[in-house]
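Residue numbers (UniProt numbering): 1 to 267.
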Amino acid sequence: MAPPLVSDELWAIIEPLLPVIPPRPKGGRPRLSDRSALTGILFVLLTGIPWEMLPHEMECGSGVTCWRRLRDWQIAGVWDNLHRALLTRLHQAGQLDWSRACMDSASIAGKKGGETTGPNPTDRGRPGTKRHIVTDRQGIPLTVLLSGANVHDSRMLEPLLDALPPIQGKNGRPRRRPGKLHADKGYDYRRCRMACSRRGIRHRIARKGIESSSHLGKHRWVVERTFVWISRFRRLTVRYERRADIHLAFITIACSLICFRALKTWF
Numbered sequence: 001m002a003p004p005l006v007s008d009e010l011w012a013i014i015e016p017l018l019p020v021i022p023p024r025p026k027g028g029r030p031r032l033s034d035r036s037a038l039t040g041i042l043f044v045l046l047t048g049i050p051w052e053m054l055p056h057e058m059e060c061g062s063g064v065t066c067w068r069r070l071r072d073w074q075i076a077g078v079w080d081n082l083h084r085a086l087l088t089r090l091h092q093a094g095q096l097d098w099s100r101a102c103m104d105s106a107s108i109a110g111k112k113g114g115e116t117t118g119p120n121p122t123d124r125g126r127p128g129t130k131r132h133i134v135t136d137r138q139g140i141p142l143t144v145l146l147s148g149a150n151v152h153d154s155r156m157l158e159p160l161l162d163a164l165p166p167i168q169g170k171n172g173r174p175r176r177r178p179g180k181l182h183a184d185k186g187y188d189y190r191r192c193r194m195a196c197s198r199r200g201i202r203h204r205i206a207r208k209g210i211e212s213s214s215h216l217g218k219h220r221w222v223v224e225r226t227f228v229w230i231s232r233f234r235r236l237t238v239r240y241e242r243r244a245d246i247h248l249a250f251i252t253i254a255c256s257l258i259c260f261r262a263l264k265t266w267f
């Protein structure tokens, strides 16, 4: 028998983050439980099926109900808080390596268009979305942002660094800056190096025309592996959502599950 998608350990972390629902004294149809709705959301994320094909046997309600719960929790900041909570647990356990961070991007097709899409220069100008991500030294995703596929990587360096959340350790002030940043030739611009220096981050950015592109580098390969982890969530192989916030919610959940699996692996 397959284990539940929402285990007791995962639910214990998520439940305190969910907004409190006020009582409905006038009655009405019973509200679908949050855990059942979350199970439906994770099933769609993992399998990539359309919302309307959510199996009734799972007792997750309708696809519309799960979609609305995903939307409402994104607006309430639940997914960002979940990702931060898991990063905090990893950091407090000494399993988050801030000594080096890696930054990169990957494009996917966005056939329906919508927010943060643009003509993909690597896909004959078809609509696409870029995912920009920063990981720690081991490939744990720290933050992720979206842009159109036609946005140059270097333009997203500063927004990504500023989006790194403050993560509280056991002692001292919260940490939000890596010791060193590794990036490829797409970030080989003076403004990118200056942006790192202003934030007290050492940089190791590959140089155009000097360093070979035949390998990913001794440290930068971990971010490529993280993109592979994300692509295992079949809903994320292609962007199906016209709304950027819904697609970002799915990616944030995927990053949270990667952190949760790392936490379970180390303990």
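Note that CB positions come from ideal geometry on N, CA and C, so glycine has one too.
Please read these numbers as outputs of a predicted model, since none were measured by experiment.
Whole angstroms is fine: what's the gap from G114's alpha carbon to P127's?
When the Cα atoms are used, G114 and P127 turn out to be separated by approximately 9 Å.
Run through DSSP, which three-state label would D136 get?
D136 falls in the coil class under three-state DSSP.
6 Å Cβ shell around A76 - same chain, five flanking residues per side excluded
Only P19 meet the Cβ criterion.
Which word fits E241, buried or exposed, when buried means at least 16 other C-beta atoms lie within 10 angstroms of its C-beta?
Counting other Cβ atoms within 10 Å of its Cβ, E241 reaches 16 or more and is therefore classed as buried.
Hey, quick one: how far does the beta strand (DSSP E) through P141 stretch, first residue to last?
Here the beta strand (DSSP E) through P141 covers P141 to G148.
DSSP three-state label for K264, please.
Residue state, collapsed to three classes: helix.
I'd like the list of long-range same chain contacts for T237, defined as Cβ closer than 8 Å, with 5 residues on each side in sequence excluded.
Around T237: G48, I108 and S231.
What does the alpha-carbon distance come out to for the pair H182 and P23?
Cα atoms of H182 and P23: separation of roughly 50 Å, rounded to the nearest angstrom.
Selected residue, minimal CA-CA separation from C102, among E57, G139 and I246:
Taking only the C-alpha atoms, the option nearest C102 is G139.
Please tell me whether C259 has its Cβ less than 8 Å away from any Cβ of chain D.
Of the protein chains in the structure, only one exists, and it is not chain D.
Nearest residue (CA-CA) to L160, options I167, R31, R124 and S147
The shortest C-alpha separation from L160 is found at S147.
Taking Cβ positions, are D188 and Q74 nearer each other than 8 Å?
Against a cut-off of 8 Å, the Cβ pair of Q74 and D188 comes out as no contact.
Whose C-beta lies closer than 8 Å to the C-beta of A85 among residues of the same chain, with five residues either side of it excluded?
Answer for A85: I13 and L17, listed in chain order.
Taking all protein chains shown into account, do 16 or more other C-beta atoms lie within 10 angstroms of the C-beta of M254, making it buried, or fewer, making it exposed?
For the sequence presented, residue 254 should be read as Ala rather than Met. The residue in question, A254, is buried, as its Cβ has 16 or more Cβ neighbours within 10 Å.
Taking DSSP as the reference, what is the three-state secondary structure of A37?
DSSP places A37 in helix when its eight states are reduced to three.
Threshold first: 3 residues or longer. Then list the beta strand (DSSP E) segments lying entirely within the region 73-138, N to C.
Qualifying beta strand (DSSP E) stretches, in chain order: 101-109 and 127-135.
Would K218 be called buried (16 or more neighbouring beta carbons within 10 Å of its own) or exposed?
It counts as exposed.
Segment limits, alpha helix (DSSP H) that includes I13:
That run of the alpha helix (DSSP H) goes D8 to I14.
Kindly confirm or deny that the region 34-46 and the region 79-99 touch, where touching means at least three C-beta pairs closer than 8 Å.
The region 79-99 and the region 34-46 do not touch, with fewer than three beta-carbon pairs separated by less than 8 Å.
Could you name the residues of the same chain whose beta carbon sits closer than 7 Å to that of S36, not counting the 5 residues immediately before and after it, in chain order?
Correct list, in chain order: E59, C60 and G61.
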